[in-house]
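Peer 1: The working numbering applies: residue 60 is where the sequence shown begins, and numbers increase by one.
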Amino acid sequence: MEEGRPAVAAMTLLSRMSDGQATELRELENTYEGVIDENSRVYAGYLKELLRSGDGISPPELVFPALNGVEEEINEMVDEAIGRGDIGSTNGRFNEEDRKRPSLRLKTEYQRKKQTSIDSTCFSSSDLSMIDDDKFLASSKPAPPKDFVCPITSNLFDDPVTLETGQTYERRAIQEWLERGNMTCPITRQKLHSSKLPKTNYVLKRLIASWREENAYSTVTPSLRSPSPELSQPNPLKRSPSPTTVITKACVDGATGDLPLAINTLCTSDVLSEAEMAVLQIERLWRESGAGSQVVSALSKPAVVNGFVEILFNSIDLQVLRTSVFLLSELASMDKLVIQTLSSADSDVECMAALFKKGLAEAVVLIYLLHPSWERLIEMDMVEALLMVLKSREDDSSISCMKPKTASILLLQQILASDHKISADVVDVLISEGVVESIIWSLAADLEEVRMAAIRILVRCMEVDGNCRHVIAGKAKLEIILENFATVGDMERFEIVRFLFELVKLDRRTYNERLLHIIKDGGKFSTMHALVVYLQTALQDQSPIIAGLLLQLDILVEPRKASIYREEAIDALISCLRNPDINNSQLLAAETIVSLHGRFSSSGETVTRASLLRRAGLKKTSRPLMGSDQIDYNQDNSDENLEEDKVTDDWERKMAYALVSHEFGLLFEALAEGLKSEHRDLFSACLISASWLTYMLSILPDTGLRGAARVCLLKHFVLVLKSADDVDDKALAMLALSSFMNDTEGMHDLTFHIKDMIKTLRELKKSYVLANEMLKHLCRGQESCMLEMWNHQVKAQVDCSIHGEVLSIAYFKNRIISGHSDGTIMVWGSGDKLLHQIQETREHTKAVTSLAVLQSGKKLFSGSVDKSVRVWSLHDGHINCMEFHDTKDQVHNLNIANNMACFIPQGAGVKVLTWNGASKILNPNKSVKCLSLVQGKLYCGCSDGSIQEIDLATGTLGTIQAGSKKLLAKANPINALQVQDGLLYSASTPLDGAAIKIWNASNYSPVGSLPSILEVRSMTISSELIYLGSKTGAVEVWSKEKLSRVGTLQTGNNCRVQCMTFINDELLLVGTSDGKLQAWGLI
60 MEEGRPAVAA MTLLSRMSDG QATELRELEN TYEGVIDENS RVYAGYLKEL LRSGDGISPP
120 ELVFPALNGV EEEINEMVDE AIGRGDIGST NGRFNEEDRK RPSLRLKTEY QRKKQTSIDS
180 TCFSSSDLSM IDDDKFLASS KPAPPKDFVC PITSNLFDDP VTLETGQTYE RRAIQEWLER
240 GNMTCPITRQ KLHSSKLPKT NYVLKRLIAS WREENAYSTV TPSLRSPSPE LSQPNPLKRS
300 PSPTTVITKA CVDGATGDLP LAINTLCTSD VLSEAEMAVL QIERLWRESG AGSQVVSALS
360 KPAVVNGFVE ILFNSIDLQV LRTSVFLLSE LASMDKLVIQ TLSSADSDVE CMAALFKKGL
420 AEAVVLIYLL HPSWERLIEM DMVEALLMVL KSREDDSSIS CMKPKTASIL LLQQILASDH
480 KISADVVDVL ISEGVVESII WSLAADLEEV RMAAIRILVR CMEVDGNCRH VIAGKAKLEI
540 ILENFATVGD MERFEIVRFL FELVKLDRRT YNERLLHIIK DGGKFSTMHA LVVYLQTALQ
600 DQSPIIAGLL LQLDILVEPR KASIYREEAI DALISCLRNP DINNSQLLAA ETIVSLHGRF
660 SSSGETVTRA SLLRRAGLKK TSRPLMGSDQ IDYNQDNSDE NLEEDKVTDD WERKMAYALV
720 SHEFGLLFEA LAEGLKSEHR DLFSACLISA SWLTYMLSIL PDTGLRGAAR VCLLKHFVLV
780 LKSADDVDDK ALAMLALSSF MNDTEGMHDL TFHIKDMIKT LRELKKSYVL ANEMLKHLCR
840 GQESCMLEMW NHQVKAQVDC SIHGEVLSIA YFKNRIISGH SDGTIMVWGS GDKLLHQIQE
900 TREHTKAVTS LAVLQSGKKL FSGSVDKSVR VWSLHDGHIN CMEFHDTKDQ VHNLNIANNM
960 ACFIPQGAGV KVLTWNGASK ILNPNKSVKC LSLVQGKLYC GCSDGSIQEI DLATGTLGTI
1020 QAGSKKLLAK ANPINALQVQ DGLLYSASTP LDGAAIKIWN ASNYSPVGSL PSILEVRSMT
1080 ISSELIYLGS KTGAVEVWSK EKLSRVGTLQ TGNNCRVQCM TFINDELLLV GTSDGKLQAW
1140 GLI
């Protein structure tokens, strides 16, 4: 298009010249033709000579006859024609180069016109014949088909030509379009590769002729008219090309008064300021005429619309730009042809988007009317500009068809309905920019379309960032939304229900119930009645949401009373659960039931799963709940929270009762079917719902529903407990099964599955308190059950006999450390690489008798008979010696406090060594065999069977058990001591009938004993079991609670159990005298 613009500019200037000036130009043309002919003859002779003689001949000089001041004459004509400097641009006909050098442009165009033999007068009188004969059609005749009419002239084709773009035009009209310098298709605005017109479309021409004959189509030929006298009158728009040209005639056809001249100037003037003034005059005439049909028809033509678009491309005058956008918006809202013209070129939409992003808010209306795709909106980076419009407080646009805020809401909704990831990113920006409140105000907009768009945007906001619910719930006028429910279509009704359903997911039950009361009673009609009627005709994939909201409204009243609303809602949920063929209706129904539990996080995520896991006794030391499982209640006001918990518990009881009592537990059957699903999300939602409702049966009054639940669900829960991969799924099944243990029939049914349950419950008791309670309940009075529950097996074993006996074991920073009789310390893996050797080091020269870990877990200490203590750190899985301490004595049974070490030396007593080198001997009159240091108190087991307690802070010594004083009495030494949970366990020989005695550590009173017949050499204690290692290689396992033996582990045949320790209450490590290191775990 831009290549032909200089020609248009020259033609326009020439058309403004007087007859005398035109005559002078013709004479000038003849002179230049003579110059060209003379030079052509000279150059032809040069070429002949060059062909004969070859190289070496210089080209001739050009012949320039005297021009008699032609340049000066041209300059004078330019000055007279232009009158003032053009205000141009870099786009379209208003070219920047034209504006800077008009005289050069005219000369260049003039010379080009001579070379192409174009008539210098541009618009001769012969052009008047181009007025189409079809202008005056008989009013009684039928209108011609659209395809028979030229889009430029709006008249029947006489000589149709079809361009490469597929569009057909009248030959004279498109020829004039091209001669004006345009190189694009007027309709599609696609660039043309050639300005040469194709042959006549004879097929179309014959069809038109046939149609003329069939319809007796005739025309009246008007007399040829000269330009209107008013065109020669002074006008602020200045003089423009003759309106008798084809395009000008098409632009102004049907217009009256000053409008034709303004349109003519807009479409043809090369002077930007003239075109801008034309825009303002058109706007004035538009308002004066009240946007009459004739004016709309005249302005809706493609040539005029393109004229406005060129103004948008080139003008920098804010008033002109706003006026152009105003007119295009009004026209687009009245005539689809305008939208078609504007949408045919991507550059037009991009221009409007650019103006919009630069602050011209009115442009968003025009962009909306063009209906661009969401991909195009994202591509043009419209989001930030849309949010700016929504944030602004004023919306005083003069566009009557639509306000910028309205258009922005509608476009934003279109973007958010697009790709899920993109819309989530947009919502993040929307919320961070604080635009949510502006969207909320749009819920009360006059247009239904805008209100629904606002609802969809707010729903998407709650889905992406549920924390905005509080703002929406606090500011939205739900009464207005409820009134809309009665007037909109079914799809819009579902959007409203979905909005309300999402809104009542606040993290406080009191707030939710307050909103539910507004929804129930706030409208001018019965919301519940409207919902139940809508539910009966709704699509099945919409039914769960509608039923969920209806059921919540119904629960606000006494749930024990019969209710048609409740019956319809629960029937709909059950129907969806049982129908696997309708999209995701099964999953939606199951998730809706989960949400009816009534507890939500601050982001609106249901925390039903987390609540149930806490009821199963999830220990604080186990893994934290993540994501939607987190329960985030405000703990600032304890009284308020107590009231909140009371309201929530009351809601949960009412909702659970309504669900389980429907048709005597019919919902349990539907959930049981869902538990068979291979769809993970559906299975999980059904498991949570079934576990919750089954657990609630232990709280609700028993009306026989436990039996119905047991028949439907017990086997499914046992299967989940036994084989589920997810530990939390097992915990949920465990919680549900616990409710069946409260009655005789339920306990009887569970006895058939005890063996399957015990293994899993034993695993779960590490994390859940309920598992331990169920184990005790199931095994009560059943010896075989107890033995089965504590059955062990070897998990891993290594032979370290090359380094002698295994004398000590410790667990340090996820590594197993072993000390050996040759002075070697070895590092082993845990977990998946259990007892996989990682490191071997030999810093000690003699046997490593003791390994101890500082209470903080930061350092490892090793004691040896080489009379030293070494301090170790762990880096990259390997231990490194940090410190060395000379003890001057052999080290046995090392115990560590923060600032000291206590150990048994080679002689009598206990040696206490501080890290600054000072030492002292305690209890010097006793031959100490074993030590245990707990909270600043040192317990000593001696060779004479006595047990002492020494307070290291005060030096006070107390006797727990006195030793034997008889000289001939057989020695019964204390071989091992353990202190746990306020109890002291001592291990010796079974001479007095009990190898293990248990004492109260605070008052020294005996608590019990273990009647083992083994000579116990080592001992370790877990949370529930006591392990006793003997000199025969056997390890007895005793129940800590019942003080009864539950098993025996055989570590070897000819070996002693030298040392034992426990890892995380799960794994028993045993070191023996034959150099073996074993790891035992429960089966």
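Backbone N, C-alpha and C define an ideal beta-carbon position, used for all residues, glycine too.
Judging by CA-CA distance, which residue of Ile481, Lys462, Asn982 and Cys460 is the nearest neighbour of Arg435?
Peer 2: Comparing Cα positions, the closest option is Ile481.
Peer 1: Following the continuous beta strand (DSSP E) through Cys460, name the residue where it begins and the one where it ends.
Peer 2: Per DSSP, Cys460 belongs to no beta strand (DSSP E) and is neither H nor E.
Peer 1: Starting from the C-beta of Asn952, find all residues in its chain whose C-beta is less than 7 Å away, skip the five residues before and the five after it, and write them out in chain order.
Peer 2: Cβ neighbours of Asn952 beyond the five flanking positions: Ser909, Phe962, Ile963, Cys989 and Leu990.
Peer 1: Tell me the start and end of each unbroken beta strand (DSSP E) in the stretch 698-740 that is at least 3 residues and wholly inside, in chain order.
Peer 2: For the stretch 698-740, not a single whole beta strand (DSSP E) run of length 3 or above is found.
Peer 1: Please report how far the alpha carbon of Met242 lies from the alpha carbon of Ile95, in whole angstroms.
Peer 2: When rounded, the distance between both Cα atoms is 29 Å.
Peer 1: In the DSSP assignment, the alpha helix (DSSP H) including Glu551 goes from what residue to what residue?
Peer 2: Looking at the DSSP string, the run of the alpha helix (DSSP H) that includes Glu551 is Asp549 to Leu562.
Peer 1: Measure from the alpha carbon of Val993 to the alpha carbon of each residue in Val1038, Lys970 and Ala977, then state which is nearest.
Peer 2: Ranking the options by Cα distance to Val993, first place goes to Val1038.
Peer 1: Output the boundary residues of the alpha helix (DSSP H) element that contains Glu617.
Peer 2: First-last for Glu617: undefined, no H or E at that position.
Peer 1: Which residue or residues does DSSP assign as beta-bridge partners of Ile884?
Peer 2: DSSP, once it has assigned bridges, lists Gly878 and Thr900 as partnering Ile884.
Peer 1: List the endpoints of the continuous alpha helix (DSSP H) containing Gln226.
Peer 2: From DSSP, Gln226 is part of no alpha helix (DSSP H); its letter is neither H nor E.
Peer 1: To the nearest angstrom, how far is the alpha carbon of Pro295 from that of Arg239?
Peer 2: At Pro295 the pLDDT is 37, less than 50, meaning the model places this residue with poor confidence; the figure from the coordinates comes in the next sentence. Going by the C-alpha atoms only, they are around 24 Å apart.
Peer 1: Can you tell me whether DSSP reads His851 as helix, strand or coil?
Peer 2: Three-state DSSP puts His851 in a strand.
Peer 1: What does DSSP give as the partner residue(s) for Leu910 in the beta ladder?
Peer 2: Note: Leu910 sits in a beta bridge opposite Ser921.
Peer 1: Please return the same chain residues whose Cβ sits closer than 8 Å to the Cβ of Pro245, not counting the five positions on each side in sequence.
Peer 2: Hits under 8 Å: Pro210, Ile211, Gln226, Tyr228, Ile233, Trp236, Pro361, Ala362 and Asn365.
Peer 1: Span of the beta strand (DSSP E) holding Asn869?
Peer 2: The question names Asn, but residue 869 is Ala in the sequence shown. Segment Val865 to Phe871, the beta strand (DSSP E) holding Ala869.
Peer 1: Could you give the distance in angstroms between the alpha-carbon of Leu471 and the alpha-carbon of Ile1142?
Peer 2: C-alpha separation (whole angstroms): 59 Å.
Peer 1: State buried or exposed for Glu561, treating a residue as buried only when at least 16 other CB atoms are found within 10 Å of its CB.
Peer 2: That one is buried.
Peer 1: Arg381 by DSSP, collapsed to three states: which one?
Peer 2: Helix.
Peer 1: Classify Gly144 as buried or exposed, calling it buried when 16 or more other Cβ atoms lie within 10 Å of its own Cβ.
Peer 2: Bear in mind that a pLDDT of 34 at Gly144, under 50, signals an unreliable position, so the model cannot answer this.
Peer 1: Would you kindly work out how many angstroms separate the C-alpha atoms of Pro203 and Thr221, rounded to a whole number?
Peer 2: The alpha-carbon atoms of Pro203 and Thr221 are separated by roughly 19 Å.
Peer 1: Would you identify the three-state DSSP class for Tyr1063, choosing helix, strand or coil?
Peer 2: Coil, per DSSP.
Peer 1: Name the DSSP bridge partner or partners of Ile341?
Peer 2: According to DSSP, Ile341 bridges with nothing at all.
Peer 1: On the CB-based measure, 16 or more other CB atoms within 10 Å of its CB, does Val616 come out buried or exposed?
Peer 2: Exposed, because fewer than 16 other Cβ atoms sit within 10 Å of the Cβ of Val616.
Peer 1: Just to confirm before moving on: does the CB-CB distance between Ser1068 and Gly1004 stay below 8 Å?
Peer 2: Taking 8 Å as the Cβ cut-off, Ser1068 and Gly1004 do not qualify as a contacting pair.
Peer 1: Taking His944 as the reference, which of His934, Val563 and Val924 has the closest Cα?
Peer 2: The option with the nearest alpha carbon to His944 is Val924.
Peer 1: What's the C-alpha gap between Ala1030 and Val1116?
Peer 2: If you take the alpha carbons of Ala1030 and Val1116, they lie about 21 Å apart.
Peer 1: Of all the options Lys534, Val397 and Leu419, which has the alpha carbon lying nearest to the alpha carbon of His430?
Peer 2: Looking at the Cα atoms, Val397 is the closest of the given residues.
Peer 1: Can you tell me whether DSSP reads Met587 as helix, strand or coil?
Peer 2: Here Met587 sits in helix by DSSP.
Peer 1: Does the Cβ of Glu864 have 16 or more other Cβ atoms within 10 Å, making it buried, or fewer, making it exposed?
Peer 2: That one is buried.
Peer 1: Please return the same chain residues whose Cβ sits closer than 8 Å to the Cβ of Gly1111, not counting the five positions on each side in sequence.
Peer 2: Gly1092, Thr1131, Asp1133 and Lys1135.
Peer 1: Within 10 angstroms of the Cβ of Arg568, are there 16 or more other Cβ atoms? Answer buried if so, exposed if not.
Peer 2: Under this definition Arg568 is a buried residue.
Peer 1: Between which residues of its own chain and Met439 is the CB-CB distance below 7 Å, once the five residues before and five after are set aside?
Peer 2: Around Met439: Glu409 and Ala412.
Peer 1: Do Tyr827 and Ala767 have their C-beta atoms closer together than 8 Å?
Peer 2: Not a contact, by the Cβ cut-off of 8 Å.
Peer 1: With distances taken Cα to Cα, identify the nearest neighbour of Ser978 among Ser798, Ser986, Asp948 and Asp218.
Peer 2: Of Ser798, Ser986, Asp948 and Asp218, the residue nearest in Cα terms is Asp948.
Peer 1: Could you pull out every residue in the same chain whose Cβ sits closer than 8 Å to the Cβ of Phe723, ignoring the five residues on either side in sequence?
Peer 2: Closer than 8 Å at the Cβ level, and outside the excluded window around Phe723, lie Gly763, Leu764 and Ala767.
Peer 1: Any chance the stretch 597-609 sits against the stretch 547-558, with 3 or more Cβ pairs inside 8 Å?
Peer 2: Contact holds: three or more Cβ-Cβ distances are below 8 Å.
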